Structure formats: C-alpha cells, structure tokens
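Engineer: Encoded as structure tokens, here's the structure I'll be asking about.
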Amino acid sequence: LIVGVVFAFVFDSLDTRVFAVEQLGHLTKIPALGVFPKIREGKNQSRSDFPNIEKATLYKDYWMVCTRIQAILQNRSVRTVLITSTNPMEGKSTFVSSIAIGLARNNCKVLIVDADLLRPRQQKIYQVSGEQGLSDFLENEDVRLEDIIQKNVQPNVDLLPNLTQSDAKGMFNSPQFTA
C-alpha cells in the first residue's frame with residue numbers, strides 16, 4: 002500500500018502537463034487575458050465565416066480580451082501582440098480577426114500580419130486578393146512592404162496577407178527576415 006502511494010506521488014510530480022489557466026499563469030508569470038471554449042463548426046458555418054465580432058456567440062469573452070489588450074497597449078510601450086499556439090485548427094485566425102475588429106472599433110489602428118506559412122487564412126477571412134504577400138516579401142528583396150499591405154480591409158484594420166504556402170526554412174535564412 003505504501004509503495005502504491007509513493008508511486009502515485011512520484012508519478013504525479015513527473016507529470017509536467019498544464020491543466021488549468023491558473024497553472025499556466027503561475028508557471029509563466031504572465032496573466033491570461035481570457036479563456037475561450039472550443040467552438041464546433043456548424044453544418045453551414047466554417048471558421049472563415051467569423052470575421053464579424055457582433056455575430057460571435059462569444060462576444061462577451063472577445064470583448065473582455067479586447068478591453069484588456071487595449072489597456073495594456075495604453076499603459077505600456079507595447080506596440081505588438083502575438084497570437085500563437087502549438088497546434089493547428091485551434092482558432093487563431095478567427096481569434097485574431099475578431100480581436101482586430103474589436104480593437105479597431107475602439108479607435109485602435111491595427112495591422113494584422115498573417116505569418117502562418119503553412120495555412121494562411123486572413124486573406125480568405127477578409128476576402129482580399131493580391132499577387133504578393135508576406136512570403137514574397139521574405140523571399141524577394143525587391144518586394145516592398147508598403148506595396149503588399151492591404152489597407153482598410155475593415156475600418157482601422159490593415160492586413161499583411163500571406164498568399165501562398167511557403168518553405169519556412171528558406172525564409173528564415175533570407176536577408177529580409179533578418180533585417
């Protein structure tokens with residue numbers, strides 16, 4: 002019995018997974034801005050159909066995060082917010098789009114940089130087209146950033162799209178990436 006209890010304590014102490022937001026905040030010393038439940042897509046709905054924050058079922062949660070981000074931006078010299086995760090299809094593109102629109106409606110000027118090199122989505126969400134995007138800028142020194150930013154895809158929201166799937170290894174070694 003004692004060996005079983007000791008084994009349980011040892012096994013539990015070796016488990017480094019994070020199960021709660023509070024654990025993550027304690028480990029990183031960075032507070033969470035909000036928590037969103039997983040949204041299941043309906044039969045006639047896809048994640049790319051979700052750019053309008055007012056239609057979101059999670060309006061209150063998105064608004065809370067918008068308010069917290071705006072407070073951080075106003076009270077500090079922070080000018081950049083990075084949204085990322087370790088897994089695909091977790092709703093990063095939807096989240097970024099909704100937060101950008103929420104911040105823009107509070108008179109913040111927003112530039113979305115779609116840096117997803119494998120599954121770029123923002124150009125589909127905002128229904129923009131173009132011949133060049135972030136990958137082209139990183140791979141070609143002749144492409145100017147000013148020429149590929151899509152202005153006012155929504156009021157106060159500009160977009161630097163990534164129009165093609167790309168080889169990330171080659172881009173990270175480019176002169177444009179290190180500049």
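Going by our numbering, the sequence shown opens with residue 2, and the numbers climb by one from there.
In this text, a Cβ means the ideal position worked out from N, Cα and C, and glycines have one as well.
Predicted model, so just to flag it, every value in this text is computed and none were measured.
What first and last residue would you give for the alpha helix (DSSP H) that runs through Lys152?
Structural biologist: The residue given as residue 152 occupies position 151 in the sequence shown. Run containing Lys152: none in the alpha helix (DSSP H); it sits in the beta strand (DSSP E), Gln151 to Gln155.
Engineer: Buried or exposed: where does Asp143 fall if 16 or more other Cβ atoms within 10 Å of its Cβ makes it buried?
Structural biologist: Counting from 1 along the sequence shown, the entry for residue 143 is found at position 142. Under this definition Asp143 is an exposed residue.
Engineer: List the residues that DSSP assigns as beta-bridge partners of Asp159.
Structural biologist: The residue given as residue 159 occupies position 158 in the sequence shown. Asp159 is bridged to Leu112.
Engineer: The alpha helix (DSSP H) with Glu23 in it runs from where to where?
Structural biologist: The residue you call residue 23 lines up with position 22 of the sequence shown. Taken as a continuous stretch (DSSP letters only), the alpha helix (DSSP H) holding Glu23 covers Val22 to Thr29.
Engineer: Specify the secondary structure class of Ala1 as computed by DSSP and reduced to three states.
Structural biologist: Here the chain covers residues 2 to 180 and nothing more, so residue 1 does not appear.
Engineer: Excluding five sequence neighbours on each side, which residues of the same chain lie with their C-beta closer than 6 angstroms to the C-beta of Arg69?
Structural biologist: As a first step, residue 69 is located in the sequence shown; it is residue number 68 there, counting from the start. So the list reads Leu34, once near-sequence residues are dropped.
Engineer: What ranges does the alpha helix (DSSP H) occupy inside the region 76 to 108, keeping only unbroken runs of at least 4 residues that lie completely in it?
Structural biologist: For the region 76 to 108, whole alpha helix (DSSP H) runs of length 4 or above, ordered along the chain, are 93 to 106.
Engineer: Under 8 angstroms, with one C-beta from each stretch per pair, do the region 72 to 82 and the region 119 to 128 reach the 3-pair mark?
Structural biologist: Judged by Cβ distances under 8 angstroms, the region 72 to 82 makes no contact with the region 119 to 128, as fewer than three pairs qualify.
Engineer: Does DSSP put Glu140 in a helix, in a strand, or in coil?
Structural biologist: The residue you call residue 140 lines up with position 139 of the sequence shown. Glu140: helix per DSSP, three-state reduction.
Engineer: Go ahead and label Ile113 buried or exposed: buried means 16 or more other beta carbons lie within 10 angstroms of its beta carbon, across all protein chains shown.
Structural biologist: The sequence position of residue 113 within the sequence shown is 112, counting from 1. Classification for Ile113: buried.
Engineer: Suppose you measure from the CA of Arg106 to the CA of Leu160; what does that come to, to the nearest Å?
Structural biologist: In the sequence shown, the residue the question calls residue 106 occupies position 105. In the sequence shown, the residue the question calls residue 160 occupies position 159. Going by the C-alpha atoms only, they are around 16 angstroms apart.
Engineer: Does the Cβ of Asn153 have 16 or more other Cβ atoms within 10 Å, making it buried, or fewer, making it exposed?
Structural biologist: Residue numbering aside, residue 153 sits at position 152 when the sequence shown is read from its first letter. Flag for Asn153 reads exposed.
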